[in-house]
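In our numbering, the protein residues as written are 2 to 213. For every residue, glycine included, the Cβ atom is placed at its ideal position computed from N, Cα and C. Remember, predicted model here, so these are calculated numbers, not experimental data. Note sheet for the following structure.
Structure, rendered in structure tokens:
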């Protein structure tokens, strides 16, 4: 590695946190709906609440942006340290991914509060490391969403299966532990959703659901 690459490697975790902190949902809703999404719907800045607040297209844009801010830093880390079977590079990649993920949950631009729940950003991180495991998680998400009609339930099911999927896809203890930490973090951010799921009051995806 050149000196410039070493310097970039040193600042990349901080850059990842800064990128992860960009509240795309908040910015997009302000642009489209001229409102603060934190005062509408569930108050969350993620794509699900964007869809409920201003519609599907802004939610898709939010989703892509939130995935991208996880994917890009981890992809850069992988390009800097491409030895995917080595513990050191894998640990560095995991660190960069955790920084991007933490930025989304605790954004510096929002005074470390009112961040998202991290599912899309985690998906972006995983896309750069193990696309196959992400496909497995995506299939679980779709099947759960179609059967239970709840985004939160689908997110919990998908993240719950990811550590096993990453282990099967990569055989890496470092990456499996990394994804396990992210999964636990995501579940902890869904505490209120879990409570509403148990109570039967969690909002549905499709309005045709008879419970709505």
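*asked:* If contact is defined by three or more beta carbon pairs under 8 Å, each pair taking one atom from either stretch, is the stretch 37-54 in contact with the stretch 115-133?
replied: Flag = yes, the stretch 115-133 and the stretch 37-54 touch.
*asked:* Short of 7 Å in beta carbon distance, which residues of its chain neighbour residue 111, apart from the five on each side in sequence? Order them along the chain.
replied: When the five nearest sequence neighbours on each side are left out, the beta carbons in the same chain lying within less than 7 Å of the beta carbon of residue 111 are those of 24, in order along the chain.
*Quick one: grab the DSSP three-state call for residue 160.*
helix
_Burial state of residue 179, where buried means 16 or more other Cβ atoms lie within 10 Å_ = buried
*Out of 198, 99, 79 and 34, which has the shortest C-alpha to C-alpha gap to residue 158?*
198
*Could you tell me whether the Cβ atoms of residue 89 and residue 55 are closer together than 9 Å?*
Against a cut-off of 9 Å, the Cβ pair of residue 55 and residue 89 comes out as no contact.
*For the alpha helix (DSSP H) holding residue 73, just list the boundary residues, first then last.*
Looking at the DSSP string, the run of the alpha helix (DSSP H) that includes residue 73 is 57-81.
*Leaving aside the five residues before and after residue 137 along the sequence, list all residues of the same chain whose C-beta is less than 7 Å from its C-beta, in chain order.*
Exclusion of the five residues before and after residue 137 leaves 162 and 166 as the residues of its chain whose Cβ lies within less than 7 Å of its Cβ.
*Could you check what DSSP says for residue 50 in three-state terms: helix, strand or coil?*
In the structure shown, residue 50 sits in a helix (DSSP, three-state: H, G or I).
_Where residue 2 falls, given that 16 or more other Cβ within 10 Å makes a residue buried_ = exposed
*Alpha carbon to alpha carbon, how far is residue 129 from residue 152? Give it in angstroms, no decimals.*
23 Å
*Rounded to the nearest angstrom, how far is the Cβ of residue 104 from that of residue 20, given a contact under 8 Å?*
Separation of the CB atoms of residue 104 and residue 20 is rounded to 7 Å, and the pair is thereby assigned contact status at 8 Å.
*Which residues in the same chain as residue 70 place their Cβ atom closer than 8 Å to its Cβ, once the five residues preceding and following it in sequence are excluded?*
20, 21, 23, 25, 101, 104, 105, 122 and 125
_Taking the alpha-carbon of residue 207 as reference, which of 6, 15, 5 and 57 has the nearest alpha-carbon?_
57
_Considering only the alpha carbon of each residue, which of 205, 28, 36 and 78 lies closest to residue 147?_
205
*Please classify residue 114: is it buried, with 16 or more other beta-carbons within 10 angstroms of its beta-carbon, or exposed?*
exposed
_Helix, strand or coil, according to DSSP, for residue 132 in the structure here?_
helix
*How about residue 91 and residue 16: do their beta carbons lie closer than 9 Å?*
Between residue 91 and residue 16, the C-beta gap is not smaller than 9 Å, which leaves the two residues out of contact.
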